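Protein chains: 2
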Amino acid sequence: MSTSGPLDQARAVFVDGMGAASATSGVLSQLQGRIFALLYLQDHPLSLDEIAEGLQQSKSNVSTNIRGLVEWHLARRVAVPNSRKDHYEAVADLWRVTQEIMERRFRWNIRQVIAACDETRRTAGTERPRPRAAGSERDFIEHRLEALRSFAVAVDAGIEAFSRGEPMAPPAMPAIPIRSGRRR
Amino acid sequence: MSTSGPLDQARAVFVDGMGAASATSGVLSQLQGRIFALLYLQDHPLSLDEIAEGLQQSKSNVSTNIRGLVEWHLARRVAVPNSRKDHYEAVADLWRVTQEIMERRFRWNIRQVIAACDETRRTAGTERPRPRAAGSERDFIEHRLEALRSFAVAVDAGIEAFSRGEPMAPPAMPAIPIRSGRRR
DNA sequence: ATGAACGTTCAGAATGTTCTAAACATACGG
DNA sequence: CCGTATGTTTAGAACATTCTGAACGTTCAT
Numbered sequence: 330m331s332t333s334g335p336l337d338q339a340r341a342v343f344v345d346g347m348g349a350a351s352a353t354s355g356v357l358s359q360l361q362g363r364i365f366a367l368l369y370l371q372d373h374p375l376s377l378d379e380i381a382e383g384l385q386q387s388k389s390n391v392s393t394n395i396r397g398l399v400e401w402h403l404a405r406r407v408a409v410p411n412s413r414k415d416h417y418e419a420v421a422d423l424w425r426v427t428q429e430i431m432e433r434r435f436r437w438n439i440r441q442v443i444a445a446c447d448e449t450r451r452t453a454g455t456e457r458p459r460p461r462a463a464g465s466e467r468d469f470i471e472h473r474l475e476a477l478r479s480f481a482v483a484v485d486a487g488i489e490a491f492s493r494g495e496p497m498a499p500p501a502m503p504a505i506p507i508r509s510g511r512r513r
Numbered sequence: 330m331s332t333s334g335p336l337d338q339a340r341a342v343f344v345d346g347m348g349a350a351s352a353t354s355g356v357l358s359q360l361q362g363r364i365f366a367l368l369y370l371q372d373h374p375l376s377l378d379e380i381a382e383g384l385q386q387s388k389s390n391v392s393t394n395i396r397g398l399v400e401w402h403l404a405r406r407v408a409v410p411n412s413r414k415d416h417y418e419a420v421a422d423l424w425r426v427t428q429e430i431m432e433r434r435f436r437w438n439i440r441q442v443i444a445a446c447d448e449t450r451r452t453a454g455t456e457r458p459r460p461r462a463a464g465s466e467r468d469f470i471e472h473r474l475e476a477l478r479s480f481a482v483a484v485d486a487g488i489e490a491f492s493r494g495e496p497m498a499p500p501a502m503p504a505i506p507i508r509s510g511r512r513r
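Below you can see the structure in the form of structure tokens.
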């Protein structure tokens, strides 16, 4: 068993650091961050058991958490020739992944805000044509809702620009030699 | 007591919607979102008790949660002339607030990633000059760390651009009549 | 000084999340 | 068909977060 060469030690540092970052990211759990980190510094796919053993977690916990990673397209399940086990590798194209997270997490979130504004306006506006003397207060609310809504729309557009377009030199990741299914 | 006009009903919808959005934002708790929503649609500051009553929460809970809102500069504590109570109002300049959140939350988070890369590199590199025959693997790790690091730096710069500069028409919020310290 | 009006802190209850081990399901080699 | 190897589901334990009411400290009017 290859216990703790200096490279494994480095991996441990990375796993901890990325785990901490993930825990506060609002996107990934700490464990998902740790799994990703472990995979990311590996030049070959790892099996569930290897991951579980490397992170000192139960297989079932790794299994459920890795599903999230695969859904976010941060990891990929790959077949390894002479093994029946599932193996996983980190996705190398971080830009693509980031786009996806922007789309599915942040834009979705900001659209919740937009939807809240719209729904509120509908409630405030069409409840009755002019139920009682509250003209000015109603206008104030309308104004604030419009302000928030247009702001949210602007942010949404901004995220889209950042995500869809190529805002600041997508790092390109020039062909790392991954050797996706190797072994033997 | 002015229980549930159509405007209050609209506020309730808004409070729920923003609460839901906040709960998944990774920045604010649900209750913080609800407090902000309540304040945002009010043309005058509210006291702790008014907030607590409006949201059906204990004063202490509102007290602790509102502190976070004030720290994020989403709400402001204001003095109201003839009352000893603290009063709070929502901040209207959402752009400013968003900048702050970008800075303090997202950029800080991405720098964690950068720091993790750097620390890992230090661990992998200077542990010993060349401890044993693992040349290629070490290079692979170095390469991946550099890829992630430069990506993170690019994203960091992107957030800064989005935040510092004026990316897409900062909605401007043209002078809403707030009547900050009104009453009587 | 005294007491009423406030906001905050704190201990514990209520709720939610994360983790484990065991049961279960599925495929595969004999 | 079996039994073994494997991934997934599930029940509940461990842990964390959120909420409440009571205790506390401060301020202010009397």
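Residue numbers (the numbering used here), protein chains in the order written: chain A, 330 to 513; chain V, 330 to 513.
A virtual CB, placed ideally from N, CA and C, is assigned to each residue, including glycine.
Fair warning: this is a prediction, and the values are worked out from it, not measured in the lab.
> Can you find a CB in chain A that lies within less than 8 Å of the CB of Pro-335 (chain V)?
Replying inline: By 1-based counting over the second sequence, the position of residue 335 (chain V) is 6. At least one chain A Cβ lies under 8 Å of Pro-335 (chain V).
>> Between which residues of its own chain and Ile-439 (chain V) is the CB-CB distance below 8 Å, once the five residues before and five after are set aside?
In response: Sequence index remark: in the second sequence, residue 439 (chain V) carries index 110 (1-based). Counting only Cβ-Cβ distances below 8 Å, and skipping sequence neighbours, we find Ala-481, Val-484, Asp-485, Ile-488.
> Under 8 Å, do Leu-477 (chain A) and Leu-423 (chain V) count as touching if we go by C-beta distance?
Replying inline: Position 148 of the first sequence, counting from 1, holds the residue named residue 477 (chain A). Position 94 of the second sequence, counting from 1, holds the residue named residue 423 (chain V). Against a cut-off of 8 Å, the Cβ pair of Leu-423 (chain V) and Leu-477 (chain A) comes out as a contact.
> From Gly-348 (chain A) to Leu-403 (chain A), what distance separates their C-alpha atoms?
Replying inline: As a working note, residue 348 (chain A) is residue 19 in the first sequence. As a working note, residue 403 (chain A) is residue 74 in the first sequence. In this structure, the CA atom of Gly-348 (chain A) is about 14 Å from the CA atom of Leu-403 (chain A).
> For the candidate residues A:Gly-355, A:Leu-367, A:Ser-333, whose alpha-carbon lies nearest to that of Gly-346 (chain A)?
Replying inline: On the first sequence, residue 346 (chain A) is found 17 positions in, with the first residue counted as 1. That would be A:Leu-367, whose Cα lies nearest to the Cα of Gly-346 (chain A).
> Looking only at its own chain, which residues have a Cβ that is under 7 Å from the Cβ of Ser-392 (chain V), when we skip the five neighbours before and after it?
Replying inline: Counted from its first residue, the second sequence places residue 392 (chain V) at position 63. Result list for Ser-392 (chain V): Leu-377, in chain order.
>> Tell me whether the stretch 353-362 of chain A and the stretch 336-343 of chain A touch, counting them as touching only if at least three CB pairs, one residue from each stretch, are closer than 8 Å.
In response: no
> Any chance the stretch 409-419 of chain V sits against the stretch 372-388 of chain V, with 3 or more Cβ pairs inside 8 Å?
Replying inline: yes
> In chain order, what residues of the same chain have a beta carbon less than 7 Å from the beta carbon of Glu-432 (chain V), not counting five sequence neighbours either side?
Replying inline: Mapped onto the second sequence, residue 432 (chain V) falls at position 103. Excluding positions up to five away in sequence, the list reads Ser-492.
> Glu-382 (chain V) touches chain A at which residues, Cβ-Cβ below 9 Å?
Replying inline: If you number the second sequence from 1, residue 382 (chain V) lands on position 53. Those within 9 Å of Glu-382 (chain V) in chain A number zero; the least Cβ separation is about 19 Å.
>> For Arg-406 (chain V), count the other beta carbons within 10 Å of its own beta carbon; 16 or more makes it buried, fewer makes it exposed. Which is it?
In response: Position 77 of the second sequence, counted from the first residue, corresponds to residue 406 (chain V). So Arg-406 (chain V) counts as exposed.
>> Under DSSP, the beta strand (DSSP E) around Asp-422 (chain A) begins and ends at which residues?
In response: For this step, residue 422 (chain A) is matched to residue 93 along the first sequence. Premise fails: Asp-422 (chain A) is in no beta strand (DSSP E) and is neither H nor E.
> What residues are listed by DSSP as bridge partners for His-416 (chain A)?
Replying inline: Stepping through the first sequence from its first residue, residue 416 (chain A) is reached at position 87. Per DSSP, A:Ser-376, A:Val-407.
> In terms of residues, what are the limits of the alpha helix (DSSP H) holding Leu-398 (chain V)?
Replying inline: Position 69 of the second sequence, counted from the first residue, corresponds to residue 398 (chain V). Segment 388-400, the alpha helix (DSSP H) holding Leu-398 (chain V).
> Are Ala-445 (chain A) and Ile-470 (chain A) closer than 8 Å when you measure CB to CB?
Replying inline: On the first sequence, position 116 is the one that residue 445 (chain A) refers to. On the first sequence, position 141 is the one that residue 470 (chain A) refers to. No, the pair does not count as a contact, with Cβ atoms beyond the cut-off.
> Rounded to a whole number of angstroms, what is the C-alpha to C-alpha distance between Gln-385 (chain V) and Asp-447 (chain V)?
Replying inline: The residue you call residue 385 (chain V) lines up with position 56 of the second sequence. The residue you call residue 447 (chain V) lines up with position 118 of the second sequence. Going by the C-alpha atoms only, they are around 48 Å apart.
> Expressed to the nearest angstrom, what Euclidean distance is found between the alpha-carbon atoms of Ile-395 (chain V) and Arg-425 (chain A)?
Replying inline: For the purposes of this step, residue 395 (chain V) is taken as the residue at position 66 of the second sequence. For the purposes of this step, residue 425 (chain A) is taken as the residue at position 96 of the first sequence. Rounded to the nearest angstrom, the two C-alpha atoms are 37 Å apart.
> Along the stretch 395-411 of chain V, what residues have a CB closer than 9 Å to any CB found in chain A?
Replying inline: none
>> So that I know if they touch, is there some Cβ in chain V lying closer than 8 Å to that of Thr-393 (chain A)?
In response: Here residue 393 (chain A) refers to the residue found at position 64 when the first sequence is read from its first residue. No, Thr-393 (chain A) does not count as interfacial toward chain V.
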